[in-house]
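One structure below.
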Amino acid sequence: MKWISLILAAFVAAVTADTALEEFAAGNRLFTARLYNEVLKNNHDANFVFSPLSIEIILALTQAGAKGKTAEEFTTALNLPSTQQKTQEALKQFLPTLKSNTNDLKLSSANKLFLGEAFEILESFKQLATSVFEAGAENIDFSKNQAAAESINKWVESQTNNKIQNLINPDSLSAATRLVLVNALYFKGKWSTPFEDYLTRKEKFFVTKTNSKEVDMMHVEDTFRYYECTKRNAKFLELPYAGENVTMTIVLPNEVEGLTALESNVESLLTPPPYNYERVAVSLPKWLVETKLELNQILENLGLKTAFTGDADFSNLSKEALQISQVVQKAFINVTESGTEAAAATAVYFKRMSLQLRPKSIIFKANRPYIYFIKLGNTVLFVGRKSE
């Protein structure tokens, strides 16, 4: 058997299209919550950010090369639609929406296959990768691991405005590497209502009741979608970006040490609550977070097991026997007065085996740990936590 290494960061009928897309969006929220819980296990007191969508896109492409039990486990682990055809139908309709290049908003998703010089993929897989995933292909000499890693990393940097660097470790490549699949997801958006620079000042952020640190706290007051949830003992605030259907939601516990309770049911946080439009005085810290995730064990915990073993079946991808050796993602987010910049790159490797406030405004002061997520419509692009 050969090794497979994965690296991270049109429909027949309208009814079929809608069903597939709805299944994908619902699965995206469930996968986000399950993945969040797994990431939390090793980052319980830390800030982190990741892109569930980037992982779903590149692993859905990988699933397209799988058969039998291997393919079924992708569906289970990623909460994909019930059939591979539905997944591909959904993505064929959804991926073009990840394209925006205006002064207010830049959003892009790019996929690429880096093929070993002597490695051949099936023509049917190549056509699907192009027609559904818009994935380009490039032959590369993996035996020259330093040069190969540099070439892949330069492509990732070019797709993420240089925010994701050194995704590929040269030591992870060798003459045995057959294929590296990469997705790069990039977002940069301006707030519909920007925070004024002159209102930003140093304030306390309470990590715990007895431990605080100084942060740059931004301030703005305007009408936003807002909801106070007594059941979850938390406030929901939706901050829209200009020009597109993209939003950031902040879920702020009422208690300084209330984040753990919220994280016990992340899935419920991803379903939009019954918002009201309210005048809200918002205080939000600036933050910048970078996270690297080694995803093999996490994906195995979610149910993707066979793909990492000698029993893997990727015969829809190549005539060679392959298995996944590594899945990794790097993600980045920077939140400032003007807006947000976020990026993620996910790769899969295939190898051979061997402010001033008005009295009536609601106060939303994010001076304690919270969860946040960026969505395009109902689909989660990025999710993270600020705990310090």
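According to mature numbering (1 follows the signal peptide of the UniProt record, and there is no 0), the stretch in the sequence shown is residues -17 to -1, 1 to 371, in order. Positions of the beta carbon are idealized from the N, C-alpha and C atoms, including for glycine.
Subject >> Burial state of residue -16, where buried means 16 or more other Cβ atoms lie within 10 Å >> reply: Here the model assigns residue -16 a pLDDT of 47, short of 50, so the residue's position is not dependable, and the following value carries that caveat. Answer is buried; the Cβ neighbour count reaches 16.
Original post:
How big is the Cα-Cα spacing for residue 163 and residue 287?
Top reply: 18 Å
Original post:
How would you call residue 366, buried or exposed, if buried means at least 16 neighbouring beta carbons within 10 angstroms?
Top reply: buried
Original post:
Can you round the beta-carbon distance between residue 22 and residue 281 to whole angstroms, since I take them to be within the 8 Å contact cut?
Top reply: 7 Å
Original post:
Within the chosen definition, does the region 54 to 67 reach the region 139 to 147 through at least 3 CB pairs nearer than 8 Å?
Top reply: no
**OP:** Please report how far the alpha carbon of residue 202 lies from the alpha carbon of residue 237, in whole angstroms.
**Re:** 19 Å
Original post:
For residue 146, does the count of other Cβ atoms within 10 angstroms reach 16, so buried, or fall short, so exposed?
Top reply: buried
Subject >> Proximity of residue 262 and residue 346 at Cβ, strictly below 8 Å >> reply: no
Original post:
With a CB to CB cut of under 6 Å and the five nearest residues on each side skipped, what residues in its chain are close to residue 271?
Top reply: 317
**OP:** Please state whether DSSP places residue 148 in a helix, a strand or coil.
**Re:** coil
**OP:** Pick out the complete beta strand (DSSP E) segments inside the region 194 to 251, 3 residues or longer, and give them in chain order.
**Re:** 195 to 212, 217 to 223, 229 to 236
Subject >> Exposure of residue 181, with buried meaning 16 or more beta-carbon neighbours within 10 Å >> reply: exposed
Original post:
Looking at residue 89 and residue 83, is the spacing between their C-beta atoms short of 8 Å?
Top reply: yes
Original post:
Buried or exposed: where does residue 360 fall if 16 or more other Cβ atoms within 10 Å of its Cβ makes it buried?
Top reply: exposed
**OP:** Take residue 165 as the anchor and find which of 352, 351, 329, 368 has the nearest alpha-carbon.
**Re:** 329
Original post:
Which class does residue 360 belong to by DSSP, given the choice of helix, strand or coil?
Top reply: coil
Subject >> Whether residue 305 touches residue 208 by CB criterion (8 Å) >> reply: no
Original post:
Helix, strand or coil for residue 258 per DSSP?
Top reply: coil
**OP:** Return the first residue and the last residue of the beta strand (DSSP E) that residue 107 is part of.
**Re:** Taken as a continuous stretch (DSSP letters only), residue 107 belongs to no beta strand (DSSP E), being part of the alpha helix (DSSP H) at 106 to 114.
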